[in-house]
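Protein chains in written order, with this note's numbering: chain A, 1 to 281; chain B, 282 to 559; chain C, 560 to 825. Glycine residues also receive a C-beta, built at the ideal position from the N, C-alpha and C atoms. All remarks here apply to the structure that follows.
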Amino acid sequence: MTDKRVREKTLIQKIAENKRVQSASTFVLPVLFGILLFILWEAGALHVLLNTDTFTLPLPDRIFTIMSDNRDKILSNVGATIAVALIGLLAGSIIGYGIAVFAALFKTWGAAGLSIVAAFNAVPIVALAPVMTNLSKDISDDANTRSMVAKILVVTIVTIANMSFNAFRGLTELKPFAEDLMSSYAANRGVTLWKLRVPNSIPYIFIALRVAVPSSVISALVSEYFAEYIIGVGRQIRENIVLAQYSSAWAYIVTACLIGITMYVILMLIEGIVLKRRVNA
Amino acid sequence: MMNRIWGKTRTILPLLLWILLFVAVWEVGALLVEASKRTPENVLPHIYQIIEAALNPKKVSSGESASQLVLSSAGLTLGRAALGFLVGTICGFVLALIMKISKIVEKVIFPYLMIIQMIPILGMAPIILSITGDINTSRIVIAAILTFYPVATGTLAGFNSVEKSKYDLMHIYAARKIDLYTKVLIPTAIPYIFTGLKIAAPMAITASILVDTLQGDKGLGTLLSQSLKHAMSIYVFWLIVFFSAFVGILSSKLMGNLERIVLPHKRIRVSRAKEESI
Amino acid sequence: MMNTMVRETREVEINIKDVGMTFRDNRGNDVEALTGINLNIYKGEFISLLGPSGCGKTTLLRMVADLLEPTTGSIHIGERLPREVRLDKKLGIVFQSPVLFDWRTVQKNVELPLEVMKFSKSERREIASSMLEMVGLTRFSEHYPNQLSGGMQQRVNIARALAVRPELLLMDEPFSALDEFTKEKLHEDLMQIWAKTNKTVIFVTHNIQEAVFLSDRVCVLSPHPGRLSGIVEVDLPRPREIAVKSSARFNELVLKVRNTFDGGSL
């Protein structure tokens, strides 16, 4: 019987398993891939792959040139889109949370009402947007205001559907015996709500926001198509394509992506700060 | 027996009441609108008016009644949405599989997967149409991209939820990699995939309708824009709104039903004392 | 250590020589989980690894199962390494939690290892059915795991481990999560099954009474670092009934095991 020694690892294995290399590669590899894509794009290889031309899919430097040349116009459109998205997000979250609280306090009635609200999640935005545009026809004489209201309504409804469902889970999915504990303190429903359910629901609010934030941006963009007044990043994409001004359209597309990514990153930062002290059960 | 009926009534009753409440609020709104507008049906018609229009056999356009028009266009739109949905599901699943098999691929792709969630794909619909040049292809592409993300992340979540002890068990049996995937990882992922599908189904439909509005072609979306511009009765618009809402909700429920068929063990209530037959 | 002269004639199945295991923890420090383990396990014997948490008993079991490799020393099963025995599919393992697949029926769960080992459909059916009969669960073969109680799930776990007719059965605290009544019933069942099949069993537990009741020998392990403090021979006659737990000899042995332990209270 031979004595077994600790297996000698090959050099490559050692490098691969090294913890520092592993954590670095999580960052480095995607960046390298991104740079590769960028080079392919600029060089025109991407065009061959997608069977398109530099007119429809302009080269990156052209897009950036247009973006910096038209900075002011782009920013004012960005402003319009973000305003719609944020206001709708805020209003929808507050109302949605309120509905969830109501549903949590009156369990049987609430749960059914909630399933109706959650059903709105499945209603296509394309059906919702024109309805809202029509409904808001009388709100004001100014076309811009009317459109803003319509768009905000769309984003609000979509956010309500999402937030109410997740907030409800947060308010009701408590650890076992947590409610029993509160009732052993003879706590009434209001106290239990404030001290137990609401804090419990905070991580769920962020779960909802992770979907709601990108979705509010999308809803804002799509509802711009159906609005009266021509403003907003999404609308500009459409208008420019219709006029075959592809470079401008792409400028707005890149802008839209940047909006989406920035808002999501901000959300993650906020989430990181708020949830930092919580220990994951 | 009576208990079961009472139990079912108890769950349905609140739901019915809420629906009634919703209808009531709508009607009130319709009355208000009627009082102040010349053409109220443009803004908010009565529910019965909508129902009436649905049942009305009068020819609205090109020899079809309102309902027929909606349904035939729907077939087109939904069929392509379904195709995109299928393509997206398969791609999402395959990508997740590859990401699980190769750690390098996972590291490279993961941030891009997150980015897809963050960018408004639906907002990019016009450009995708321009690139592909063909409305049907673009419809399928967009539906596929929208389905792809929830399915891929769902599948990955499912794979990553497998406990270490299952891996140990398979190790003890000296199981090959393929057995590990087919007998453990993929079955574990299935419920998670369905969660993704339930989200993706309505989105694929939305995408398909949206693409219709960009370019005239007999789909639901084109019908939508046409009726909005009063090329035909406004009731067609309302029918489409309700129909698409209905189909959106139905598609999600359909996924739920499909899940119950594929995963019979989920239906079983955990009741140890009773011996339930399946 | 009790005299090993009587046992010298028995065949050694597993030889654990000078085995040690050192882990690197999160902060980069070396943690010595096991050190200097020397142990011979005989063919057909039922031996327990007993100790509190952190004494390395599970680690030792996992090394025999080829789930871990010792940093020093060697383990041989017969003339072979654990890895070879595992690849030869001669190992059976029963974990503390049942690790059953929710989406498979009880019958299909027991058939799982047989599927991996490419048995034919009819063979699988036959073997699984006989295993379920042995653990008394034939009536539930078409049920799903979440319809069964904890004790029943563990019995399925055992049936599955035995389905491949392993040379060696490894059990890692299989009954710790169960209540006393279920535990006792399963002890009886396990003893009956073991008597019928004559396998070598390594049983990990932190419960002294359980170890003494079930085993031929009890290896007492103490923690920090994990080491073998002693081996106690259990000479109670077989078959053993629950009643033996109140006998004087049983309690003597329990006390002896306690005293063998030298790492604090057991």
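By the CB criterion at 7 Å, B/ALA362 and B/ILE480 fall outside the cutoff.
Beta bridge pairing from DSSP links C/ILE636 with C/ILE573 and C/ARG639. A contact between stretches requires three or more CB pairs, one per stretch, nearer than 8 Å, and the region 425-442 of chain B meets this requirement with the region 392-408 of chain B. The beta strand (DSSP E) runs lying completely inside the region 324-359 of chain B and spanning 3 residues or more are 340-342, given in chain order. When secondary structure is reduced to three states using DSSP, B/MET399 falls in the helix class. Within the region 224-243 of chain A, contact with chain B at the beta-carbon level (separation under 9 Å) is assigned to GLU224, TYR225, PHE226, VAL233, GLY234, ILE237, ARG238, ASN240, ILE241 and VAL242.
A/LEU75 and A/ALA118 have their alpha carbons spaced roughly 34 Å apart. In terms of CA proximity to A/PRO130, A/VAL155 leads the group A/ALA112, A/VAL155, A/TRP109 and A/GLY113. Within the model, the alpha-carbon separation for B/LYS547 versus A/THR172 is close to 22 Å. For the options A/SER223, A/TRP250 and A/ILE66, the alpha carbon positioned closest to that of A/ALA85 is the one of A/SER223. At a beta-carbon threshold of 9 Å, the residues of chain B lying near A/PRO30 are LYS388, VAL389, ILE390, PHE391, PRO392 and TYR393, ordered along the chain. Burial is judged here by how many other beta carbons sit within 10 angstroms of a residue's own beta carbon; C/LYS742 has at least 16 and is buried. A direct Cα-to-Cα measurement between C/GLY785 and C/GLY615 gives close to 5 Å. CA-to-CA, the gap between A/LEU269 and B/LEU394 works out to about 19 Å.
The beta-carbon separation of A/TYR225 and A/ARG238, rounded to 6 Å, stays under the 8 Å limit for a contact. Chain order gives the chain A residues near B/VAL522 as ALA127 and VAL131, where near means a beta carbon separation below 7 Å.
Checking the DSSP bridge columns, you'll see C/PHE762 partnered with C/SER607 and C/MET730. A distance below 6 Å between beta-carbons, with the five flanking residues on each side excluded, links B/LEU357 to the following residues of its chain, in chain order: LYS499 and GLY500. A straight-line Cα-Cα distance of about 31 Å links C/HIS746 and B/LYS464. Relative to B/VAL517, the option among B/LEU466, B/ALA455, B/LYS445 and B/GLY502 whose CA is nearest is B/GLY502.
When CB distances to chain B are screened at a threshold of 8 Å, the residues of the region 195-222 of chain A falling below it are PRO214, VAL217, ILE218, LEU221 and VAL222, in chain order. With a 10 Å radius around the Cβ and a threshold of 16 neighbouring Cβ atoms, B/THR290 comes out exposed. The straight-line gap separating the alpha-carbon atoms of C/VAL623 and B/TYR473 is approximately 36 Å. B/TYR473: member of the alpha helix (DSSP H) spanning 467-495, first to last residue. DSSP links C/THR631 through a beta bridge to C/GLY579. Per the coordinates, the alpha-carbon of B/ALA347 lies some 10 Å from the alpha-carbon of B/TRP519. Following the DSSP letters along the chain, one finds A/CYS257 inside the alpha helix (DSSP H) bounded by residues 246-275.
For B/LYS447, the chain C residues whose Cβ falls inside 9 Å of its Cβ are VAL658 and PHE660, in order along the chain.
C/MET750 and B/GLU540 have their C-alpha atoms roughly 42 Å apart.
Checking the DSSP bridge columns, you'll see C/ASN599 partnered with C/ASN574. When beta bridges are read from the DSSP output, C/ASP589 appears opposite C/ARG583. Taking a contact to require three or more Cβ pairs closer than 8 Å, the region 179-187 of chain A and the region 104-111 of chain A do not qualify as touching.
Residues of chain B with a Cβ closer than 7 Å to the Cβ of A/SER25 are, in chain order, LYS388.
Each residue's CA atom was taken as its position, placing A/PHE165 and A/ALA251 some 36 Å apart.
Using a Cβ-Cβ cut-off of 7 Å, A/TYR264 counts as an interface residue toward chain B, since at least one Cβ of chain B sits closer than that to its own. Uninterrupted alpha helix (DSSP H) stretches at least 4 residues long and entirely within the region 120-151 of chain A occur at 125-135, given in chain order.
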